[in-house]
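Residue numbers (my numbering), protein chains in the order written: chain A, 10 to 465; chain B, 10 to 465.
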């Protein structure tokens, strides 16, 4: 069972002059060997690619810890942001009940899951309205231990737990996921003897879903993490193929980077399944932060846009069909949903409504996806579809690895470093300055220069 | 208490050559009188602008119905999509507890709220896992009554309720919001004697939040809808000002349309508050569907992108700073949050963490917003900030009207019809064809032509 990409509608033969010309694509395919070679040469650096293969022992440990948490926790709270949050949210939504936290305990195969990825004071207060610290286990995730948002949350949670239960009991209620040696969190973890998982060397935040960052929350919520890794391994192998036409990640990267050259500075991802909704968020970080770069005066980057089918047919598709030729749309389709639901007869007297009865919701959502693909295509806009036979742990593992490798290949094709994020330093440093962190006094002056504001 | 726009950073004096030149802006301001005049001339057509003034009686009715629902329902389920869903979701998230549905009944000032805006079979099944039909009131919202998704949901719900409680009791459990006379829903509503609210003439889906579409769900959840309308009226008056520099909606439209001319085909909206998160979704429909148009061969439209501060600093800001000059960022800032939360001391031995202690989450999130504005600005990207003194029913009413009028003014400046959506017809018709609706047989042939698919 494998996911496939249908890219018929990226080509000019389907969408007309705004599509990719087949000769152009063929020429690029010829040259794509370079990207395969250069990515292979990085294999020792981009250690996230090895995660499906080298975690036998870690998976055992994760499962043991998860079993312990499951046996005693009613809530599991992840404190993390960006790459430490988006993967866990996406996987939970994909593989567990859509209203997991609202289900009664006996219908839920694990504790409630909260992923706290913001420092809004209203939301922080709201969390404590719905969890009971007595039956909650926290998992703080930050590789560097210098993420202000996560550390602020950690201080809050630690103070509460230390006051309620004392230093010696912190380790029962708090798990750390961080760098093996460096940073502020590992020091805290050692001091209190916390169970600690490592974010391996060469695994950046946005590529970390298949390491303990993502695997622990998934295992705690009863997800088959070995199947996820199996799916990822399978996709990794497919995407090492020298033939571009057999290599889904490279083909994805080639199509998108070519489309970018033709002016598609926007890439919409539009899953037709509520379960895949947050994969768009996860992908948006992966694609934006990896490829949005300034190199030798050259600026690259395609802005990811999150949409949801069919919902956003009633919100965005007017723009996607009649609007400018500045985007590609990537649909995520599902062949078999995990529920079937027949539209019953209840207004047979009205033929304008009754034609729906007897069809399933499944038929309706699939028809709408195909119809939207068609409408976007005939309006001349490039689009492709990633088709999942069904949403399960294996296909989700495949999808994660497919998009990670597509991003990596796109980095090679664009000749940029896909693994840094220098552009966020300015904001971080200014935050430190505004909070009066020692050493950042001068920074503040930069901001105070501009005084005359234009407001309305 | 009014919201304001700070547009200092849209100008070249702040962001450099990629910003709007002040002379250019001044020239446009001169000519903006035309847009004011043409929008005023439409006042009789765009009836959504009158909603703050002409609903005295309707508000009384809504409040009475809401009181009845509140007295007996534990869940209130909206069946609607697009404009019938995005406003209710945004307002609920803005003005009620962030985890409303998870709160125990005695801490919730109204029933749980579910807005079902998709036809995913897994999600439909999940809804019935968490609601009890016995204590649920449904509100089906579709102006035309021809929205397949909503009608499919309605048939499902009707069948369940008719089977359980019989025809004569449907009216206690189902409320309709639709056109006064036309369409399929009004017929059903009359047949069963349902309580029915009208979507007035001249109020399209995406401009309908301040009519019963949005007001009923809000009132059911205990929101002060009169305050919302008061805020909207206040903003409507401000935005009728002949002086552009005193007219926030017109200034917003002028800045964005000018930025579009300079290549900003992307408009990011980035609230720094979880409570405003879904305003980005609501706005994305409003802006995309209104302005994404094909007129006389000319294509217009700026693609809205949803982001959330500070969360997406760790996801998108790398792209917003180092990436191409193809976007504007509109921050939504909040001066006073409804909770204050101090970061406690819990790791004073580590100065790299301890500098956070003693600050509040409020200071942290505000510092991060200002720091991100600064980083986006010094990297040369246009941005502006809508500042809400606090999030309450009045400022939310202001925000809704501000963005609706900004969209309307943008429509005038772009010389397009902001109130239709012809581009979605193709997809609708193809869906009908795929579902075998009589009269659409020919349509199907268009799709079956292409047989050879390119897949990987």
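We treat Cβ as the ideally placed atom computed from N, Cα and C, and that holds for glycine.
Residue 186/B and residue 295/B have their C-alpha atoms roughly 20 Å apart. Of all alpha-carbon atoms in 395/A, 355/A, 453/A and 278/A, the one lying nearest the alpha-carbon of residue 165/B is that of 355/A. Rounded to whole angstroms, the separation of the alpha carbons of residue 131/A and residue 208/A is 30 Å.
The continuous stretches of beta strand (DSSP E) do not include residue 130/B, which lies in the alpha helix (DSSP H) extending over residues 130-139. The way I'd put it, the segment 382-402 of chain B does touch the segment 92-107 of chain B; three or more beta-carbon pairs between them come closer than 8 Å. Only exposed fits residue 178/A, as fewer than 16 other CB atoms lie within 10 angstroms of its CB.
The beta carbon of residue 117/B does not come within 8 Å of any beta carbon belonging to chain A, so the residue lies off that interface.
Distance from residue 322/A to residue 214/B at the Cβ level is roughly 12 Å; contact not present, criterion being Cβ atoms closer than 8 Å. Between residue 350/B and chain A, the shortest Cβ-Cβ separation is below 8 Å.
Within the segment 112-141 of chain B, those residues whose Cβ lies closer than 8 Å to any Cβ of chain A are, in chain order, 112, 116, 126, 127, 128, 129, 130, 131, 132, 133, 134, 135, 136, 138 and 139. Your pair residue 120/B and residue 79/B checks out as a contact, with CB atoms roughly 7 Å apart and the cut at 8 Å. Membership of residue 79/A in the alpha helix (DSSP H) is indicated by the continuous run 65-81. Under the 10 Å beta carbon count, residue 36/B is surrounded by fewer than 16 other beta carbons and is classified as exposed. For the pair residue 134/A and residue 348/B, the CB atoms are nearer than the 8 Å cut-off.
The alpha carbon of residue 117/A has as its nearest neighbour, out of 244/A, 231/A and 367/A, the alpha carbon of 231/A.
In the three-state reduction of the DSSP assignment, residue 172/A falls in the helix class, which pools H, G and I.
Within its own chain, the residues whose Cβ lies closer than 7 Å to the Cβ of residue 202/B, once the five positions on either side in sequence are excluded, are 180, listed in chain order.
DSSP places residue 187/A inside the beta strand (DSSP E), whose first and last residues are 183-187. Remark: fewer than three beta-carbon pairs, one from each stretch, lie closer than 8 Å, so the segment 301-318 of chain A and the segment 359-371 of chain A are not flagged as touching. At the C-beta level, residue 463/A and residue 15/B come within 8 Å of one another.
Residue 190/B: not part of any alpha helix (DSSP H); DSSP gives it neither H nor E.
Here residue 371/B is buried: its Cβ has 16 or more other Cβ atoms, across all protein chains shown, within 10 Å. By alpha-carbon distance to residue 28/B, the top candidate from 312/B, 266/B, 316/B and 278/B is 266/B.
Put simply, the backbone Cα of residue 20/A is about 16 Å away from that of residue 340/A.
Residue 52/A carries a coil assignment under DSSP once its states are collapsed to helix, strand and coil.
For residue 397/B, the enclosing beta strand (DSSP E) begins and ends at 392-399. Secondary structure of residue 307/B (DSSP, three-state): strand. Remark: C-beta atoms of residue 314/B and residue 392/B do not approach each other more closely than 8 Å. The beta-carbon distance between residue 292/B and residue 407/B, rounded to whole angstroms, is 14 Å. This is too long to meet the 8 Å contact definition. At least 8 Å separates the CB of residue 185/A from every CB of chain B. For residue 49/A, the number of other beta carbons within 10 angstroms of its own is below 16, and it is reported as exposed. In terms of CA proximity to residue 439/B, 450/B leads the group 450/B, 269/B, 306/B and 430/B. When rounded, the separation of the alpha-carbon atoms in residue 54/A and residue 216/A is 13 Å. For a cut-off of 8 Å, the C-beta gap from residue 94/A to residue 126/A is around 4 Å, short enough to register as a contact. Judged by beta-carbon spacing, residue 328/A lies within the 8 Å limit of residue 312/B, meaning their Cβ atoms are closer than that value. Looking only at 357/A, 282/A and 74/A, the smallest Cα-Cα distance to residue 148/A is reached by 74/A.
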